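Below is one structure; the comments refer to it alone.
Residue numbers (this note's numbering), protein chains in the order written: chain A, 1 to 267; chain B, 268 to 534.
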């Protein structure tokens, strides 16, 4: 009743050279990368994945409602060998910047909207845009400095951490298997609870570029196009909530992070 | 770095007669009930839990990023025997209504804030308040009519479904074991994926009032008080983000559903 389902002609196939297959002990996850917004982060992440950098790494910082963070052992040779990345948590636009606007009174930003299925913030005065920290995005962790990311990454698993927008570089989003991300073992417990053993941390079996995966083992994903009249109408309908289930109408606003962009598997 | 940790004298013990222990095959969950806001829903839910109504029921509608919904088999004798509940998704306040205000420019409501650790919306003109659909709340499902809830409930497991505020009756929130809620088997898959068998749906082993649980098996939870100067200072600090990690400061606003209220276990 609440979903936005795209019609047959309203889908975009994800290029397998622009997607990553994350294999966990309990299931698979597909992440679509966003080189159009964070080119150097995608390039480094892709090269690292292809080199086997993430294979057998662990999710060592997993906080329910916040993030699942993984990477190689801190200070290990493989960890220290990775070059620093310059911040790409926002990008400049021109006056003709176009996206499918969702909202203009978001609490954090002048405008929100979708471009290529990714949730963006946009400030028309600054002429800047950035990927938003909605649930299920992948971003690089970093030290205190803006330009200190290397290979450690996190996937957001709770309410959107919008206060991290423009402070961390988001570079993709989960398009399949978010349930498997949610099943990653939490490493943090509340006071008084039994601590989690490091041996129980969830391992990354492999992180592969989808185009490197044998064709028969690929998960081929299509995502709903977000720049069509059809999708705009769905946004409108979701905003208006004409269904009788809404016995009074909610405020006619959309939280972009609660506005789905559908995926499907194609053979 | 991002958490709000209450001091030793800033905790409130949850009354075991006001908490529910949900035992799942893979772990335990504690829910604090909110009779101060939704008295009849809490009363019916509590009586049903004590009667064993939910034992062996299944989570039959579990949609990633949305809700995990459970209850007895539709149309079964035990299902049909439950009386209808009148809507309690908002309540009237007087002019002296007090809560710990969090934000005044939330997209959905004039004011947000905490009362007794629960996230509320408040409209001073209408003099109405209501529990918000933040992640980890429990609410009653219903049919189309406002007053059609019975015993089927859902727990929110994704980005806050704020468009359901004032439309559904929230009556508590998870204060322990949200990771176990997130591990409930999803029943919905995307097009092209393998359907989930009903046999694989997650069962409720038991739903017990905590005061009915043998003392040795109880999980005794304290939650941070949200009406103290200490907590207000923590809200302030979280809004201002003085830590150097924030190399530029995010907008000084707080999404109440991304503002934690800590729990801890006491023996």
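Note that beta-carbon positions come from the ideal geometry of N, C-alpha and C, so glycine has one too. Computed from a prediction, not measured in an experiment: that's the story for all the values here.
Alpha-carbon spacing of residue i relative to residue j, whole angstroms
i: residue 399 of chain B; j: residue 76 of chain A; result: 45 Å
i: residue 528 of chain B; j: residue 496 of chain B; result: 14 Å
i: residue 13 of chain A; j: residue 441 of chain B; result: 38 Å
i: residue 171 of chain A; j: residue 138 of chain A; result: 6 Å
i: residue 305 of chain B; j: residue 147 of chain A; result: 49 Å
i: residue 288 of chain B; j: residue 362 of chain B; result: 36 Å
i: residue 345 of chain B; j: residue 335 of chain B; result: 21 Å
i: residue 269 of chain B; j: residue 158 of chain A; result: Confidence is the limiting factor: at residue 269 of chain B the pLDDT is only 46, short of 50, which leaves the residue's position unreliable, though a coordinate-based value still follows. Answer to the nearest angstrom: the Cα atoms are 14 Å apart.
i: residue 370 of chain B; j: residue 11 of chain A; result: 38 Å
i: residue 523 of chain B; j: residue 215 of chain A; result: 45 Å
i: residue 375 of chain B; j: residue 213 of chain A; result: 44 Å
i: residue 217 of chain A; j: residue 223 of chain A; result: 19 Å
i: residue 386 of chain B; j: residue 377 of chain B; result: 14 Å
i: residue 46 of chain A; j: residue 33 of chain A; result: 9 Å
i: residue 508 of chain B; j: residue 144 of chain A; result: 13 Å
i: residue 234 of chain A; j: residue 243 of chain A; result: 13 Å
i: residue 401 of chain B; j: residue 9 of chain A; result: 35 Å
i: residue 116 of chain A; j: residue 227 of chain A; result: 7 Å
i: residue 258 of chain A; j: residue 105 of chain A; result: 15 Å
i: residue 112 of chain A; j: residue 464 of chain B; result: 38 Å
i: residue 298 of chain B; j: residue 178 of chain A; result: 24 Å
8 Å Cβ cutoff met for residue i and residue j
i: residue 333 of chain B; j: residue 428 of chain B; result: yes
i: residue 293 of chain B; j: residue 423 of chain B; result: no
i: residue 114 of chain A; j: residue 100 of chain A; result: yes
i: residue 434 of chain B; j: residue 225 of chain A; result: no
i: residue 389 of chain B; j: residue 354 of chain B; result: no
i: residue 296 of chain B; j: residue 302 of chain B; result: no
i: residue 330 of chain B; j: residue 409 of chain B; result: no
i: residue 203 of chain A; j: residue 16 of chain A; result: no
i: residue 499 of chain B; j: residue 521 of chain B; result: no
i: residue 219 of chain A; j: residue 176 of chain A; result: yes
i: residue 286 of chain B; j: residue 488 of chain B; result: yes
i: residue 392 of chain B; j: residue 360 of chain B; result: no
i: residue 291 of chain B; j: residue 447 of chain B; result: yes
i: residue 397 of chain B; j: residue 356 of chain B; result: yes
Host alpha helix (DSSP H) of residue i (start-end)
i: residue 253 of chain B; result: The structure shown does not extend to residue 253 of chain B, since chain B spans only 268 to 534, so no value can be given for it.
i: residue 181 of chain A; result: 178 to 182
i: residue 321 of chain B; result: Counting along the chain, residue 321 of chain B falls outside any alpha helix (DSSP H), and DSSP gives it neither H nor E.
i: residue 534 of chain B; result: Premise fails: residue 534 of chain B is in no alpha helix (DSSP H) and is neither H nor E.
i: residue 137 of chain A; result: From DSSP, residue 137 of chain A is part of no alpha helix (DSSP H) but of the beta strand (DSSP E) over 137 to 140.
i: residue 345 of chain B; result: 344 to 347
Which residues DSSP lists as bridging residue i, in chain order
i: residue 395 of chain B; result: B:359 and B:390
i: residue 453 of chain B; result: DSSP, once it has assigned bridges, lists no residue as partnering residue 453 of chain B.
i: residue 115 of chain A; result: A:118
i: residue 330 of chain B; result: B:334
i: residue 440 of chain B; result: B:299 and B:404
i: residue 149 of chain A; result: A:85
Residue range of the beta strand (DSSP E) that includes residue i
i: residue 471 of chain B; result: Looking at the DSSP string, residue 471 of chain B is not in any beta strand (DSSP E), and its letter there is neither H nor E.
i: residue 507 of chain B; result: Premise fails: residue 507 of chain B lies in the alpha helix (DSSP H), 496 to 507, not in any beta strand (DSSP E).
i: residue 19 of chain A; result: 19 to 24
i: residue 222 of chain A; result: 220 to 224
i: residue 279 of chain B; result: 278 to 280
i: residue 299 of chain B; result: 294 to 300
i: residue 422 of chain B; result: 420 to 423
i: residue 103 of chain A; result: 100 to 103
Contacts that residue i makes with chain C (C-beta to C-beta distance below 9 Å)
i: residue 203 of chain A; result: Of the chains in the structure shown, none is chain C; the protein chains are A and B.
| request: Assess, as a yes-or-no matter, whether the segment 453 to 470 of chain B is touched by the segment 246 to 266 of chain A under the definition of 3 or more beta carbon pairs within less than 8 Å. | output: yes
| message | For the pair the segment 469 to 477 of chain B and the segment 340 to 352 of chain B, tell me if three or more CB-CB distances fall below 8 Å. | response | no
| Touching by the beta-carbon criterion (3+ pairs, under 8 Å), the segment 42 to 61 of chain A and the segment 145 to 153 of chain A | Flag = yes, the segment 42 to 61 of chain A and the segment 145 to 153 of chain A touch.
| message | Below 8 Å, how does it come out for the segment 57 to 66 of chain A and the segment 249 to 256 of chain A: are there three or more Cβ pairs, yes or no? | response | no
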